[in-house]
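Report on the structure given below.
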Amino acid sequence: MAEIVPAIIAKDFEELKDKIKKVEPFVNWVQLDVMDGKFAPEKTWPYICHPELVSGSQNGREMPKQVRHDRIKLLKELNTKLNLEA
Numbered sequence: 195m196a197e198i199v200p201a202i203i204a205k206d207f208e209e210l211k212d213k214i215k216k217v218e219p220f221v222n223w224v225q226l227d228v229m230d231g232k233f234a235p236e237k238t239w240p241y242i243c244h245p246e247l248v249s250g251s252q253n254g255r256e257m258p259k260q261v262r263h264d265r266i267k268l269l270k271e272l273n274t275k276l277n278l279e280a
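As numbered in the numbering used here, residues 195 to 280 make up the sequence shown, in order.
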């Protein structure tokens, strides 16, 4: 059976938190879409992206170890599964 992974676009961490809470009972993963203003007209949230995330990673789920601690803490508080492979 295929797994559905919803994509979330949020302008700030409060909106991200709210959207994750809405889908949390139904899914194991979420995809966080980040727009940097280069390939889309808007920027999504005040987040400094690792270059690997901006250019796209091999599997689309990687989050580098250099991601700021507060972002990881927020995602862990939301019981979000993380793939922290560099």
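Cβ coordinates follow ideal geometry from the N, Cα and C atoms, glycine included. Here the structure is a predicted model, which is why all the values come from computation and not from measurement.
Cβ neighbour criterion (16 or more within 10 Å) applied to residue i
| i | result |
| --- | --- |
| Ile-198 | exposed |
| Val-224 | buried |
| Gln-260 | Note that Gln-260 has pLDDT 45, beneath the 50 cutoff, so the model's placement of it is unreliable and no number is given. |
| Ala-201 | exposed |
Where the beta strand (DSSP E) containing residue i begins and where it ends
| i | result |
| --- | --- |
| Ile-202 | 201-203 |
| Asp-230 | Counting along the chain, Asp-230 falls outside any beta strand (DSSP E), and DSSP gives it neither H nor E. |
Limits of the unbroken alpha helix (DSSP H) element including residue i
| i | result |
| --- | --- |
| Asp-212 | 207-217 |
Residue i vs residue j beta-carbon contact at 8 Å
| i | j | result |
| --- | --- | --- |
| Lys-193 | Thr-238 | Nothing about residue 193 can be reported from this structure: the residues present for the chain run from 195 to 280 only. |
| Glu-218 | Met-229 | no |
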